[in-house]
Every structure is written in C-alpha cells, then in structure tokens.
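Down below is the structure, laid out as structure tokens.
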Amino acid sequence: MAAGPRWKKGKDGKDFLALAAAKPMSNIVAELQSSLKRTNLVATISSQGGDAVLGVNSQQAMLLNRAAFGRAVENAGAEKQWFQLGGEEVFYLCHALKCVSVKSESREKQMSEGELWDHLCSASDSFPEMYKAYSHLRSKNWVVRSGLQYGTDFVAYRHHPALVHSEFAVVVVPEGVEFGGRCGRLMVWSDLLCALRASGSVAKTLLVLTVSSSTCELRFPDCLELLVVHERTITRWIPQQCREHRCEPCREEANKGEQDRTRETVVFSYWGVILGFTVLSSLLVYKLRF
C-alpha cells in the first residue's frame, strides 16, 4: 500500500517537495489556460480516433510540459512545437478550460463541443465515464496519465511525474443502465484481487472511481453535470499484520510475566545458596566438635 507521496531525488540535493510547493499545479494550469486563450489555438483531431495534435510556441510548450498535458512530438526544423493529446486531454482543454478549439483533419471547419463529443464517443464507447473520471481528478489538481502499463485506466500524480511517483492506480467503474454492458467491473473477487496485487506491487493505492447517474443521455456533453463520481480507496487486509498489531498489549504482558518469573528464579536461587552455605557451615562445626 502506498504511504503517501514518494518524491523523487533530485541532482545536487534539489528538494522536489519544496519545488512543487513553490509552483502549485493549479497555478501552472491557470497560466497555461491564459496563454492558450490569448492565441486562439486550434487542435487537429484524427478522423479515425480520439487523439489530436496541437501546435504551440516555445513558451506554451514549456507550460504544457509543466502541466503534464500530452506528449511532445519530435519535429526538427519546425517553427511550432507539436503535442499529441489524448481524447480526455483535448476535451478537457476544450470543454473545461475553454482554451483550445478543435477541428477534424478531414475538414477545416471547427467542431462544436457537441460534435467533438460525438466524435470521441464514437471512437470509444467508454469515453463518457473515462472523461468524467479524468476531469474529476484534474479539477482537484491531480496530474492524470494513462495507467495501461499498470493494468488500470489511469494513474494519478500529486504533481509533475518528473518530481513525484504516481500515488494512485485508478480504475473507473460505471454504474447505471445508460452504460450498458460496461457495468460490473471489479464485481468478481478475482478481478479485484488482481487489481489490488498489481497496484500494491508498484507501491500505489488502488483508487476506484464509480461513475453513476440518475437517468441521463450520454449522447450529449450536458450529461457530465448529472454524472456523479464516488471515490473509494481499497487496500489489502493482511491478517498477520493485524494480529501483530493487536497483540502488542498481550506481548507486553507476556514480557512482564517473563521478567517476573526470571526475578523469582533469581531470588529463589539466592536464598538457596544462603541456605546451602548455612547447612554446610553447621555440619563443619559439628564435625570439629566431635
């Protein structure tokens, strides 16, 4: 089980915890939002999937890196720096931060939020619950990355991944008839145990985000206001550790009893020596007299 954030060690004794405290993620995202708004940037989304590319200047590239949005794409000699954004990331910049517009690579016209939502939902049926979980964590200033390599949906960092290890392995569980056959994740004990084992082996806490609603249409982005996220952290119960912990008073009593028995043994041995010496002295005096 993860015991809080695990800050990485910097070269030359750099204190990454102090660095993160001096530059909170909320301030970095606000600065990025302001910069992108001023330049009216347009991201181009793939017509076959949910990934998009965004061209930015050097300052905006630095802010995107610091805010941990997307991944830089190598493009030598280009005036712009390009970033590849996932579906949740591009919709968050467009819908939540409202600092980026989006167009399809097959046409020049910019897409409305509804059109972008339809496109992303058609690329992935699970996009509504995944985006809701992503935006839920991002709004709380967690850095959210793909958890594919850990067998989960996301991993959550307290700050930039270069400064701290990810703290939570996130699994998104939809609940409700609107989600159809995607419901029922982690309902089987073996699935839950596998997720716990995998997250524990990489020093992360398993965070289950249950996304539910009371009858809403997932076809429109307005449904996001009706979706509710419940957070649950799950950890393994290790009976041996619990017994060790609960038996501490018993162990102290046992140690005290052992000490008392040792003390009694020492006292008994002491008086035994004195009694034996007395008897021997009496016998010696008796023999000398006779």
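For what it's worth, this note's numbering labels the leading residue of the sequence shown as 2, then goes sequentially.
All C-beta atoms in this analysis are idealised placements derived from N, C-alpha and C, irrespective of residue type, glycine included.
- Of the candidates W190, G152, H161, T236, the residue whose Cα lies closest to the Cα of N28 is H161.
- The beta-carbon separation of A134 and G51, rounded to 15 angstroms, does not stay under the 8 angstroms limit for a contact.
- Among the bridge pairs identified by DSSP, M63 is matched with none.
- Exclusion of the five residues before and after R146 leaves V156 as the residues of its chain whose Cβ lies within less than 6 angstroms of its Cβ.
- Per DSSP, Y132 is one residue of the alpha helix (DSSP H) stretching across 128-139.
- Sequence-distant Cβ neighbours of K9 in its own chain, meaning closer than 8 angstroms and more than five residues away, are F17, A163, L164, V165, H166.
- Considering only T234, S59, V172, the residue with the shortest C-alpha distance to L33 is S59.
- Inclusion of L187 and L193 in the CB contact set at 7 angstroms is warranted, their separation being smaller than that value.
- Per the coordinates, the alpha-carbon of S48 lies some 30 angstroms from the alpha-carbon of G177.
- Counting along the chain, K38 sits inside the alpha helix (DSSP H) bounded by residues 26-40.
- Around the beta carbon of W238, fewer than 16 other beta carbons lie within 10 angstroms, which makes this residue exposed.
- C224 and K12 have their C-alpha atoms some 47 angstroms from each other.
- Residue environment: T234 is assigned as exposed (fewer than 16 neighbouring CB atoms within 10 Å of its CB, all protein chains considered).
- Rounded to whole angstroms, the separation of the alpha carbons of V171 and G87 is 17 angstroms.
- Of the other Cβ atoms in all chains shown, fewer than 16 fall within 10 Å of the Cβ of W190; this residue is therefore exposed.
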